Amino acid sequence: RERIVLTSQLAQIAGLRLHPTLAAMMARYAAPSGLCLHGAMQRLRLVGRDWSHRDAVLRACPLLEPLMPQGMAWDIRDAFAEGVADALRDGKEQQVASYTSHVMLRVAGFREDVVAAYMQRSPGEIYLLSESIRRQSRRAGASTRLALCKDRVFLRIHRHVYDLE
8 RERIVLTSQL
18 AQIAGLRLHP
28 TLAAMMARYA
38 APSGLCLHGA
48 MQRLRLVGRD
58 WSHRDAVLRA
68 CPLLEPLMPQ
78 GMAWDIRDAF
88 AEGVADALRD
98 GKEQQVASYT
108 SHVMLRVAGF
118 REDVVAAYMQ
128 RSPGEIYLLS
138 ESIRRQSRRA
148 GASTRLALCK
158 DRVFLRIHRH
168 VYDLE
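Every position in the sequence shown, counted from 1, becomes a number in my numbering once 7 is added.
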């Protein structure tokens, strides 16, 4: 708990506004040393200063992932895959893959090759899967599913960071 408070205070001094879940994630995974935490804050600050909302937590994941300890039992990308699968329980495998790639690529901002390696597909396939959701998002229902996917991914991250799983 103290690490979370310290991380939040250091972020405030650095001019960053962090969502409590993001502060907890940084305290848990990016703070084995002060230098790692400083590096994490610098990465965030290069992109922006306001990380206080849920979507910002998702956007912070690809920025912080390289700073997380290697050999960790938890891969941040699992939260994305599991969260989307949760949201689309009745969805077909292709639909789940499309939404997963879209949320990772377009919402969070993971690099295409990182998403492709994680999903064991080619970067071209990942692009096409994500693009199909972008085109669909104009239709009623698709934006609701996308919002549900983003919410479930956030909840997965939140639960894991606070040891609620």
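Glycine included, each C-beta is placed from N, C-alpha and C at the ideal position. Every value quoted in this text rests on a predicted model; they were computed, and no experiment measured them.
| Query | Result |
| --- | --- |
| Of the residues Val114, Arg152, Arg96, Asp57, which one's Cα is nearest the Cα of Gly22? | Asp57 |
| Between Asp170, His167, Phe161, which has its C-alpha nearest Ala67's C-alpha? | Phe161 |
| For Ala154 and Arg166, what's the separation of their Cα atoms in angstroms? | 18 Å |
| On the criterion of 16 or more Cβ atoms from any shown chain inside 10 Å, does His109 qualify as buried, or is it exposed? | buried |
| Quick one: give me the first and last residue of the alpha helix (DSSP H) that Pro69 is part of. | 61–71 |
| Check Asp85 in the structure and name its three-state DSSP category. | helix |
| Considering only residues of the same chain and omitting the five flanking positions on each side of Ala34, which have a CB-CB separation below 6 Å? | Arg10, Ile11, Thr14 |
| Out of Arg113, Leu44, Asp82, point me to the one whose CA is closest to Arg7's CA. | Any question about residue 7 goes unanswered here, given that the chain covers just 8 to 172. |
| For Ala31 and Ala104, what's the separation of their Cα atoms in angstroms? | 29 Å |
| Rounded C-beta distance between Arg84 and Tyr125? I'm assuming under 8 Å. | 5 Å |
| Mapping DSSP to helix, strand and coil, what is Asp120? | helix |
| Report yes if the C-beta distance between Val64 and Leu29 is below 8 Å; otherwise report no. | yes |
| When the Cα of Lys157 is compared with those of Leu112, Asp97, Ala47, which residue comes out closest? | Leu112 |
| Identify which residue in Gln102, Ile20, Glu72, Glu138 has its Cα closest to the Cα of Ala47. | Glu72 |
| Could you tell me how far apart the beta carbons of Arg152 and Tyr106 are, in whole angstroms, since I believe they sit closer than 8 Å? | 7 Å |
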